[in-house]
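Take a look at the structure below.
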Amino acid sequence: MKAVFKMMFGLIIMFQLLSCNKSDNKIIVAKTAKKAVDNPEIDSSKVSLVDTFSFPVDSMLPVKMLQLETFHHDEVDENFNKKVWFGLFKNKESYTLTETKITIKPAYDAIVDEDESEHTGWEVSASTKDTCVVLIEKLPYLADRNVSSIKLREYVYPDEDLKFDFKGIKYTLYATGEKKKAAVDSDWMIVSNYKLYLTTTVDGNKQTELLTAKKNFDEQMITILFAGDIDGDDKLDLIIDTANHYNVSSPTLYLSKPASEGKIIKPIGIFTTVGC
């Protein structure tokens, strides 16, 4: 019976997105909306990537990422124990990037395992006590350092933009798509055909990059988790949850250093997991 159950693991995970219940799934309308339509700073001809409603694609992002928690069996590779990891840690309002030794061990998966004697899941832990935002596999330009950051609002809805300065560089995040209230008296927003862009000036030329695109959402919204300088080049890096389903988490890493010459930023890693 147990062998058959484990063979069905993949099918169970697929059905989780449809079977889980979630309470209080409201998406609140941003209070400080600004119209992005007809913004003279945004030149659509400078968009460097072909627009699509499935971007970025997980399989195209080569850098491995992790978080500290317990995960389903297929979400973590046991061999990740052999990699060198850097953790982005938060302590109050400051951030540090630190080479971090992690431990991965079998753990009870409350969704899949028949009882607590089974351990098909993986528990990822680290000795550092600060809050871990993400773990990133070792890259040539990652080193132990204090990480400068800027606090941005979490959501940029269609027809909104967000202008800010970071390290003396002016940036604009803006979104396109459609949005409407789920009901006249509701705070829920139904968003579709969503695209989030980042624009700035590079070598005197305005440049725009598509960050993420989603056709629709299921009680979820693209969320800015972190903005700052992770790779140490005094330019903006981002971590954005690009999931479009409430039961999925997809922190996605965007760094400026690996971007092509004249470009702003590049998505390089993602860690996608499901909840219940």
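Count along the sequence shown from 1, then add 903; that gives the number in my numbering.
For every residue, glycine included, the Cβ atom is placed at its ideal position computed from N, Cα and C.
- Counting only runs of 3 or more residues that sit fully inside the region 1121–1148, the beta strand (DSSP E) segments are 1126–1131, 1140–1144, in chain order.
- As a beta-bridge residue in DSSP terms, Ile-1093 pairs with Lys-1083.
- As DSSP reads the structure, Phe-983 sits in no beta bridge.
- The count of Cβ pairs closer than 8 Å, one atom from the region 1061–1078 and one from the region 979–997, stays below three, leaving the stretches out of contact.
- The beta carbons of Tyr-1100 and Thr-1111 sit about 5 Å from each other, so the pair counts as a contact at 8 Å.
- In terms of Cβ geometry, Asp-1144 and Leu-1128 form a close pair [threshold 8 Å].
- Under the 8 Å Cβ criterion, the region 1072–1090 does not count as touching the region 1021–1029, having fewer than three qualifying pairs.
- Per DSSP, reduced to three states, the secondary structure at Ser-1030 is coil, with no helix or strand assignment.
- Per the coordinates, the alpha-carbon of His-976 lies some 43 Å from the alpha-carbon of Val-1105.
- Assignment of beta-bridge partners to Asp-1064 by DSSP yields Tyr-1077.
- Here the region 1010–1017 does not lie against the region 1133–1150, with fewer than 3 beta-carbon pairs under 8 Å apart.
- Here the C-alpha atom of Asp-1134 lies approximately 33 Å from the C-alpha atom of Glu-1122.
- A direct Cα-Cα distance of roughly 6 Å separates Ser-1052 from Asp-1132.
- Counting C-beta atoms within 10 angstroms of its own C-beta, Gly-1172 has 16 or more neighbours from the protein chains shown and is therefore classed as buried.
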